[in-house]
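Asker: The structure's right below; bear with me while I get my questions together.
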Amino acid sequence: MTGAIEAKHFRTLFISDVHLGSKAARTDFLLDFLRYHEADTIFLVGDIIDGWRLKRNWYWPQGCNDVVQKLLRKARKGTRIVYIPGNHDEFLRSFPGTHFGGIEVAERAIHEMADGKKYLVLHGDEFDVVVRNARLLAYLGDWAYDAAIAINVVLAAVRRRLGMPYWSFSAWAKLQVKHAVNFIGEFQRVVADEARRNNVEGVICGHIHHAVMEDIDGIHYVNTGDWVESCTAIVENFDGTLEMITWGQISATAEITALPTASGLGSMQAA
Ligand SMILES: [Mn+2]
Numbered sequence: 001m002t003g004a005i006e007a008k009h010f011r012t013l014f015i016s017d018v019h020l021g022s023k024a025a026r027t028d029f030l031l032d033f034l035r036y037h038e039a040d041t042i043f044l045v046g047d048i049i050d051g052w053r054l055k056r057n058w059y060w061p062q063g064c065n066d067v068v069q070k071l072l073r074k075a076r077k078g079t080r081i082v083y084i085p086g087n088h089d090e091f092l093r094s095f096p097g098t099h100f101g102g103i104e105v106a107e108r109a110i111h112e113m114a115d116g117k118k119y120l121v122l123h124g125d126e127f128d129v130v131v132r133n134a135r136l137l138a139y140l141g142d143w144a145y146d147a148a149i150a151i152n153v154v155l156a157a158v159r160r161r162l163g164m165p166y167w168s169f170s171a172w173a174k175l176q177v178k179h180a181v182n183f184i185g186e187f188q189r190v191v192a193d194e195a196r197r198n199n200v201e202g203v204i205c206g207h208i209h210h211a212v213m214e215d216i217d218g219i220h221y222v223n224t225g226d227w228v229e230s231c232t233a234i235v236e237n238f239d240g241t242l243e244m245i246t247w248g249q250i251s252a253t254a255e256i257t258a259l260p261t262a263s264g265l266g267s268m269q270a271a
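Following UniProt numbering, the numbering of the sequence shown begins with 1 at its first residue and continues without gaps.
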């Protein structure tokens, strides 16, 4: 690659909710992003492949292959890649601890930043049931909270067995526009609580397609967003600081700069 833009190298890269296999997946933007961003470690924070969408209707254009190939190539070149499955790619949850093509599968992880701060890394769907029934659970107390999470895990497994799709937080929250902000706030609070229970300084999750970095009662809550609408990723710099990157804006510049060096006949770029 002789493009004018050099790839940047980071300590860690966090990406989630790509939804490969759904027509909404912005594989063009993600490929472009992966071209210009290298990291020692990449965390795939769930819903990378939309297994439920694929089950209903097989849709796997070249862009999806390109993303998978790009990630596998990075793994071959020495990037450590950890895949934390979400609810849409929960078929991978049956294989914790396994490796495929150099990619490790884990249910959740504790990541230590360069400055020593520890972050819990998980997708976040296990808290859906708590968010939906927040008021009732607050009334019933801690045991009900733990029971609700356990029941959610069992219910998801049963639904999977029966071939029923997983309940989608983002689709549901969007339907309830008026209350969506409250639900997002509730999700963030519940996930931050989980980080506190794990004695870590922060948490990095996905699931609700709402990229943000903020302090929630002393816990650094970080959401990676998605590659369906926002096209966001979180990067860890070598000093341990975190940054959010929104790729939509930069991509246009990158393409214009890259055009003259595109091989041979020029200007035959697909939009
Ligand atoms: Mn999800």
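Ideal Cβ positions, reconstructed from N, Cα and C, are used throughout, including at glycine.
Over the uninterrupted alpha helix (DSSP H) stretch that includes Val-129, give me the two end residues.
Answerer: The residue you call residue 129 lines up with position 129 of the sequence shown. Start and end: 128–132.
Asker: Would you mind reading off the limits of the beta strand (DSSP E) that contains Arg-11?
Answerer: As a working mapping, residue 11 is identified with position 11 in the sequence shown. Where Arg-11 is concerned, the enclosing beta strand (DSSP E) stretches over 8–15.
Asker: Thinking C-beta only, is Leu-71 closer than 9 Å to Glu-236?
Answerer: Here residue 236 refers to the residue found at position 236 of the sequence shown. Here residue 71 refers to the residue found at position 71 of the sequence shown. Cβ atoms of Glu-236 and Leu-71: not closer than 9 Å.
Asker: May I ask you to report which of helix, strand or coil DSSP gives Leu-20?
Answerer: The sequence position of residue 20 within the sequence shown is 20, counting from 1. Three-state DSSP puts Leu-20 in a strand.
Asker: Does the beta carbon of Ala-156 come closer than 9 Å to any beta carbon on chain E?
Answerer: Among the protein chains of the structure shown there is no chain E, as only one such chain exists.
Asker: Rounded to whole angstroms, what is the Cα-Cα separation between Phe-100 and Asn-133?
Answerer: Here the question's residue 100 lines up with position 100 in the sequence shown. Here the question's residue 133 lines up with position 133 in the sequence shown. Those two C-alpha atoms are separated by around 37 Å.
Asker: Classify Gln-69: buried if its beta carbon has 16 or more other beta carbons within 10 angstroms, exposed otherwise.
Answerer: Position 69 of the sequence shown, counted from the first residue, corresponds to residue 69. Its Cβ having fewer than 16 others within 10 Å, Gln-69 is exposed.
Asker: Straight-line CA distance for Ala-157 to Asp-128?
Answerer: Within the sequence shown, the letter at position 157 stands for residue 157. Within the sequence shown, the letter at position 128 stands for residue 128. When rounded, the distance between both Cα atoms is 15 Å.
Asker: From the DSSP secondary-structure annotation, give me the bridge partner or partners of Ala-25.
Answerer: Numbered from 1 along the sequence shown, position 25 holds the residue referred to as residue 25. Answer is none; Ala-25 lacks a bridge partner.
Asker: Checking 9 Å against the spacing of the C-beta atoms, do Gly-206 and Gly-86 come in under that value?
Answerer: Within the sequence shown, numbered from 1, the residue matching residue 206 stands at position 206. Within the sequence shown, numbered from 1, the residue matching residue 86 stands at position 86. Gly-206 places its beta carbon less than 9 Å from that of Gly-86.
Asker: Closer than 8 Å to a non-hydrogen atom of ligand 1 - does that hold for the CB of Asn-87?
Answerer: For the purposes of this step, residue 87 is taken as the residue at position 87 of the sequence shown. Asn-87 Cβ: within cutoff of ligand 1.
Asker: To the nearest angstrom, how far is it from the Cα of His-88 to the Cα of Glu-194?
Answerer: Indexing the sequence shown from 1 puts residue 88 at position 88. Indexing the sequence shown from 1 puts residue 194 at position 194. If I take the Cα positions, the gap works out to 21 Å.
Asker: Start and end of the beta strand (DSSP E) containing Cys-205?
Answerer: The residue given as residue 205 occupies position 205 in the sequence shown. Cys-205 -> beta strand (DSSP E) spans 202–205.
Asker: Quick check: the Cα distance between Ala-150 and Val-45, rounded to an integer number of angstroms?
Answerer: Position 150 of the sequence shown, counted from the first residue, corresponds to residue 150. Position 45 of the sequence shown, counted from the first residue, corresponds to residue 45. Their backbone Cα atoms lie some 21 Å apart in a straight line.
Asker: Could you check the C-alpha separation between Ile-48 and Leu-120 for me, to the nearest Å?
Answerer: Sequence index remark: in the sequence shown, residue 48 carries index 48 (1-based). Sequence index remark: in the sequence shown, residue 120 carries index 120 (1-based). Near 19 Å, if we compare the C-alpha coordinates of Leu-120 and Ile-48.
Asker: For Gly-21, which residues from the same chain have a beta carbon less than 7 Å from its beta carbon, with the 5 sequence-adjacent residues on both sides left out?
Answerer: Reading the sequence shown from its first residue, position 21 is the one you call residue 21. If we look at Gly-21 and ignore the five residues flanking it on each side, its Cβ neighbours are Ile-49, Asp-50, Arg-53, Leu-54, Tyr-59, Trp-60, Cys-64.
Asker: Around the C-beta of Asn-199, are 16 or more other C-beta atoms found within 10 angstroms, so that it is buried, or is it exposed?
Answerer: Walking along the sequence shown from the start, residue 199 turns up at place 199. Flag for Asn-199 reads exposed.
Asker: Got a sec? Which residues, its chain only, sit under 7 Å from Pro-96 by beta carbon, not counting five neighbours each side?
Answerer: Counted from its first residue, the sequence shown places residue 96 at position 96. Within the same chain, Val-105, Ala-106, Glu-107 come within 7 Å of Pro-96 by CB-CB distance, once the 5 residues on both sides are set aside.
Asker: Name the DSSP bridge partner or partners of Tyr-221?
Answerer: Walking along the sequence shown from the start, residue 221 turns up at place 221. Residue pairing by DSSP places Tyr-221 opposite Val-203, Glu-214 in a beta bridge.
Asker: Taking the beta strand (DSSP E) that Lys-55 falls in, what are its first and last residues?
Answerer: Looking up residue 55 in the sequence shown gives position 55. No beta strand (DSSP E) holds Lys-55; the alpha helix (DSSP H) holding it covers 51–56.
Asker: Going by C-alpha to C-alpha distance, which of Asp-40, Lys-118, Ala-114, Lys-117 sits closest to Val-82?
Answerer: The residue you call residue 82 lines up with position 82 of the sequence shown. Of the listed residues, the one whose Cα sits closest to Val-82 is Asp-40.
Asker: May I ask which residues mark the beginning and end of the beta strand (DSSP E) holding Val-68?
Answerer: For the purposes of this step, residue 68 is identified with residue 68 of the sequence shown, where counting begins at 1. Element bounds for Val-68: not the beta strand (DSSP E) but the alpha helix (DSSP H), 62–76.
Asker: From the DSSP secondary-structure annotation, give me the bridge partner or partners of Arg-80.
Answerer: As a working mapping, residue 80 is identified with position 80 in the sequence shown. Thr-41, per the DSSP bridge assignment.
Asker: Taking 6 Å as the limit between beta carbons, can you name the residues of its chain near Glu-243, skipping five residues before and five after?
Answerer: Counting from one through the sequence shown, the residue named residue 243 turns up at place 243. If we look at Glu-243 and ignore the five residues flanking it on each side, its Cβ neighbours are Val-235.
Asker: Could you tell me if the beta carbon of His-123 falls within a distance shorter than 8 Å of some heavy atom in ligand 2?
Answerer: This structure lacks ligand 2; the ligands present are ligand 1.
Asker: Can you tell me whether DSSP reads Leu-242 as helix, strand or coil?
Answerer: Here residue 242 is taken as the residue at index 242 of the sequence shown, counted from 1. Correct three-state label for Leu-242: strand.
Asker: Applying the criterion that 16 or more other CB atoms from any shown protein chain within 10 Å of the CB defines a buried residue, is Ala-211 buried or exposed?
Answerer: To locate residue 211, count along the sequence shown from 1; it is residue 211. By the neighbour-count rule (16 or more Cβ atoms within 10 Å), Ala-211 is buried.
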